[in-house]
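In what follows, a single structure is set out as C-alpha coordinates and then discussed.
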Amino acid sequence: MKLADKKCIPCEGGMPAFSKAEVAKFLPKLSRGWRSIDDKKILKEFKFKNFVGSMGFANQIALIAQAEDHHPNLYISYKKVIIELMTHAVGGLSENDFILAAKIDQI
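All you need for our numbering is the position in the sequence shown, starting with 1, plus 1.
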(Lines of atoms letter the chains of each structure in order from A and count residues from 1; the text may use other names and numbers.)
(Lines give C-alpha, C1' and ligand atoms only; values in the text may rest on other atoms or scores of the structure.)
Protein backbone atom coordinates (compact mmCIF):
# COMPACT_ATOMS: atom_id res chain seq x y z
CA MET A 1 0.00 0.00 0.00
CA LYS A 2 1.26 3.48 -0.87
CA LEU A 3 2.09 5.82 2.01
CA ALA A 4 -0.49 8.35 0.82
CA ASP A 5 -3.22 5.68 1.11
CA LYS A 6 -2.42 4.90 4.75
CA LYS A 7 -3.89 6.60 7.84
CA CYS A 8 -1.80 8.04 10.65
CA ILE A 9 -2.06 6.00 13.83
CA PRO A 10 -1.80 7.69 17.24
CA CYS A 11 1.65 7.08 18.74
CA GLU A 12 2.12 6.18 22.36
CA GLY A 13 5.07 7.41 24.38
CA GLY A 14 7.66 4.69 24.78
CA MET A 15 7.55 3.65 21.13
CA PRO A 16 10.95 3.97 19.51
CA ALA A 17 11.61 6.61 16.90
CA PHE A 18 12.71 5.43 13.47
CA SER A 19 16.33 4.36 13.23
CA LYS A 20 18.70 5.84 10.68
CA ALA A 21 18.11 2.73 8.51
CA GLU A 22 14.33 3.13 8.68
CA VAL A 23 14.58 6.81 7.72
CA ALA A 24 16.81 5.82 4.78
CA LYS A 25 14.20 3.23 3.72
CA PHE A 26 11.20 5.60 3.87
CA LEU A 27 12.71 8.85 2.51
CA PRO A 28 12.97 7.60 -1.12
CA LYS A 29 9.22 6.82 -1.04
CA LEU A 30 8.53 10.58 -0.97
CA SER A 31 8.79 13.06 -3.83
CA ARG A 32 12.02 14.96 -4.48
CA GLY A 33 12.90 17.70 -2.06
CA TRP A 34 12.19 16.01 1.26
CA ARG A 35 15.29 15.75 3.40
CA SER A 36 16.14 14.35 6.78
CA ILE A 37 17.49 16.56 9.55
CA ASP A 38 19.66 14.40 11.82
CA ASP A 39 17.25 11.48 11.23
CA LYS A 40 14.87 13.20 13.68
CA LYS A 41 12.81 15.39 11.32
CA ILE A 42 11.95 15.61 7.66
CA LEU A 43 11.66 18.95 5.91
CA LYS A 44 10.63 20.29 2.52
CA GLU A 45 10.41 23.79 1.07
CA PHE A 46 7.66 24.74 -1.38
CA LYS A 47 7.74 27.96 -3.46
CA PHE A 48 4.77 29.97 -4.74
CA LYS A 49 4.10 33.02 -6.91
CA ASN A 50 2.74 35.08 -4.02
CA PHE A 51 1.50 35.10 -0.43
CA VAL A 52 -2.01 33.98 -1.42
CA GLY A 53 -0.50 30.84 -2.97
CA SER A 54 1.53 30.16 0.17
CA MET A 55 -1.48 30.61 2.44
CA GLY A 56 -3.76 28.53 0.22
CA PHE A 57 -1.26 25.67 0.33
CA ALA A 58 -0.86 25.99 4.11
CA ASN A 59 -4.64 25.85 4.55
CA GLN A 60 -4.84 22.66 2.48
CA ILE A 61 -2.14 21.13 4.68
CA ALA A 62 -4.09 22.15 7.79
CA LEU A 63 -7.16 20.23 6.59
CA ILE A 64 -5.15 17.09 5.88
CA ALA A 65 -3.24 17.34 9.17
CA GLN A 66 -6.45 17.73 11.14
CA ALA A 67 -8.04 14.73 9.40
CA GLU A 68 -4.93 12.63 10.16
CA ASP A 69 -4.52 14.04 13.69
CA HIS A 70 -0.84 14.57 12.94
CA HIS A 71 0.32 18.17 12.74
CA PRO A 72 3.44 19.57 11.05
CA ASN A 73 5.35 22.70 11.87
CA LEU A 74 4.67 25.20 9.10
CA TYR A 75 6.86 28.20 8.36
CA ILE A 76 5.12 30.60 5.99
CA SER A 77 6.66 33.56 4.22
CA TYR A 78 5.66 35.67 1.23
CA LYS A 79 6.43 33.10 -1.49
CA LYS A 80 7.50 30.07 0.51
CA VAL A 81 6.18 27.38 2.86
CA ILE A 82 8.56 25.14 4.77
CA ILE A 83 7.10 21.97 6.26
CA GLU A 84 8.83 20.22 9.13
CA LEU A 85 7.56 16.85 10.34
CA MET A 86 8.43 14.82 13.41
CA THR A 87 6.53 12.78 15.97
CA HIS A 88 6.85 14.50 19.32
CA ALA A 89 5.59 11.45 21.26
CA VAL A 90 8.61 9.41 20.13
CA GLY A 91 11.14 12.25 19.95
CA GLY A 92 11.90 11.65 16.29
CA LEU A 93 10.39 10.23 13.14
CA SER A 94 7.64 7.65 12.78
CA GLU A 95 5.72 6.25 9.84
CA ASN A 96 3.08 8.94 10.47
CA ASP A 97 5.53 11.63 9.36
CA PHE A 98 6.09 9.91 6.04
CA ILE A 99 2.36 9.24 5.58
CA LEU A 100 1.57 12.93 6.10
CA ALA A 101 4.44 13.98 3.81
CA ALA A 102 3.10 11.69 1.06
CA LYS A 103 -0.39 13.16 1.46
CA ILE A 104 1.04 16.70 1.28
CA ASP A 105 2.86 15.73 -1.92
CA GLN A 106 -0.53 14.99 -3.51
CA ILE A 107 -1.79 18.57 -3.09
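The C-beta atom is built at its ideal place from N, Cα and C for all residues, glycine as well.
The three-state reading of DSSP puts Lys41 in coil, since its state is none of H, G, I, E or B. Secondary structure at Lys48: strand, using DSSP grouped into helix, strand and coil.
For Glu85, the enclosing beta strand (DSSP E) has its first and last residue at 81 to 86. In this structure Lys41 does not touch Lys80 by the C-beta definition: roughly 28 Å separates them, more than the 8 Å allowed. Distances from the CA of Val24 to each of Ile43, Pro11, Ala63 were compared; the closest alpha carbon is that of Ile43.
Taking C-alpha positions only, Ile83 is separated from Lys8 by approximately 23 Å. Your pair Leu4 and Ala66 does not check out as a contact, with CB atoms roughly 15 Å apart and the cut at 8 Å.
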